[in-house]
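Worksheet: the structure to be examined is printed underneath.
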Amino acid sequence: MDTERGRQMNRRIRTWFCMAVAALITAAFPRTEAVAAETGQAPEVLAETSAVTILPQLAAAAAGPMQAEGTELKVYVAVAVAEGSAGLDHINVQFINTENDRSITKILRPDDFANGVYADWISMSIYEPAGTYMLDKVILQAENGAYVRYCRAEELDENDGYLALPVTAAFQINNGVTVLDETAPVLGAVVVSPMQAAKESEITVTAAVADDFSGVDSVTVRFENENGKAVSVDLDAAGGELYTGVIKKSSTDEVGTYRIKKVTVTDHMGNSETYNGGDGPFASDVLFVIS
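Under numbering that gives the first Met the number 0, the residue at position 171 of the sequence shown is numbered 170, and the numbers go up by one with no gaps.
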């Protein structure tokens, strides 16, 4: 029941948030019907008087609320656009933490349009460094392929062809993280069991992987036999620094010696390292034989 109430509350907050942003566009960019009422001209006459393609224009932007889900932080972002006559293909929205130049980007598409605005969640790691993330750039791409680019006024000299952002928006991360995690996990060892098996047998792969801060997000191990057939397996946390996975029977239907080709390890901040067979902490004799 609490979970359902929480979802209903989130929906109400998002709806209110989008309606508030949409209200900002009404006065600045009146609809054709409203202009027609003021001028006494029919809407279709107004539409025909301009032979020039009108590109989309940024009208408003806002960020919030924020919520945490597992190892992710999510911020709700909404953008209001006066689409003009060219139509809108997508919106690229970028926020930046000016203290460390970390940027977070979201692409909004027509499917994200509701209640008069384009809106969706931006996702990032909960280990993203704390600070204020300011609206840095907004790029509108029209359906005809043309772009309208905006950046912060103080960055205009470094961004040719950009207009100054007519609006501001920001969100705050207060997670206590002060140091940016830029170090990939470290692979310790890889073992397989059994090392020899009949066709269509399961093979268990175990790896020792450590990460110094944000934690291991994924471990993928790839083997190849002498004929070039590749077999990959994703490993799951098995306690401590151990990660394990099972190569399915359907992947061991061809005889041969399967030697380790590479292991890719990634943490929750996206730092990744690939170890190739014969390098790093394991040798190419990490293998299994299917006979």
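For every residue, glycine included, the Cβ atom is placed at its ideal position computed from N, Cα and C.
Whole-angstrom distance between residue j and residue i, CA atom to CA atom
{"i": "Asp252", "j": "Val204", "result": "17 Å"}
{"i": "Ile90", "j": "Ile121", "result": "13 Å"}
{"i": "Pro64", "j": "Val74", "result": "6 Å"}
{"i": "Val80", "j": "Gly144", "result": "17 Å"}
{"i": "Tyr117", "j": "Tyr274", "result": "42 Å"}
{"i": "Ser249", "j": "Ile125", "result": "37 Å"}
{"i": "Asp307", "j": "Val78", "result": "Past the edges of the chain, shown from 0 to 290, lies residue 307, and the structure says nothing about it."}
{"i": "Val185", "j": "Pro193", "result": "25 Å"}
{"i": "Gly130", "j": "Phe287", "result": "49 Å"}
{"i": "Glu240", "j": "Glu71", "result": "21 Å"}
{"i": "Thr52", "j": "Leu87", "result": "12 Å"}
{"i": "Ser217", "j": "Ala85", "result": "43 Å"}
{"i": "Ser102", "j": "Tyr132", "result": "8 Å"}
C-beta contact flag for residue i and residue j at 8 Å
{"i": "Asn114", "j": "Ala183", "result": "no"}
{"i": "Tyr146", "j": "Leu162", "result": "no"}
{"i": "Val232", "j": "Ile246", "result": "yes"}
{"i": "Ser200", "j": "Met268", "result": "no"}
{"i": "Ala206", "j": "Leu179", "result": "no"}
{"i": "Gly276", "j": "Lys260", "result": "yes"}
{"i": "Phe222", "j": "Val215", "result": "no"}
{"i": "Gly83", "j": "Pro55", "result": "yes"}
{"i": "Thr256", "j": "Glu225", "result": "yes"}
{"i": "Ala209", "j": "Gly227", "result": "no"}
{"i": "Pro128", "j": "Val166", "result": "no"}
{"i": "Ala196", "j": "Ile289", "result": "yes"}
{"i": "Ala169", "j": "Ala67", "result": "no"}
Residue i burial status per 10 Å Cβ neighbour count (16 or more: buried)
{"i": "Asn173", "result": "exposed"}
{"i": "Ile202", "result": "buried"}
{"i": "Gly69", "result": "exposed"}
{"i": "Glu157", "result": "exposed"}
{"i": "Val190", "result": "exposed"}
{"i": "Ala58", "result": "buried"}
{"i": "Asp119", "result": "buried"}
{"i": "Asn294", "result": "Any answer about residue 294 is impossible in this case: the structure gives the chain only from 0 up to 290."}
{"i": "Gln171", "result": "exposed"}
{"i": "Ala26", "result": "Any reading at Ala26 is ruled out, since the residue's pLDDT is 46, under 50, leaving its predicted position unreliable."}
{"i": "Ala60", "result": "buried"}
Helix, strand or coil at residue i according to DSSP, with G and I counted as helix
{"i": "Ser213", "result": "coil"}
{"i": "His267", "result": "coil"}
{"i": "Leu162", "result": "strand"}
{"i": "Glu154", "result": "helix"}
{"i": "Ser200", "result": "coil"}
{"i": "Ser342", "result": "No answer is possible for residue 342: the residues shown for the chain start at 0 and end at 290."}
{"i": "Ser311", "result": "No answer is possible for residue 311: it lies beyond the span of the chain, which begins at 0 and ends at 290."}
{"i": "Pro109", "result": "helix"}
{"i": "Ser231", "result": "strand"}
Practice task
Determine, using beta-carbon pairs with one atom in the region 86-100 and one in the region 124-140, whether at least three such pairs fall under 8 Å.
Solution key: Contact holds: three or more Cβ-Cβ distances are below 8 Å.
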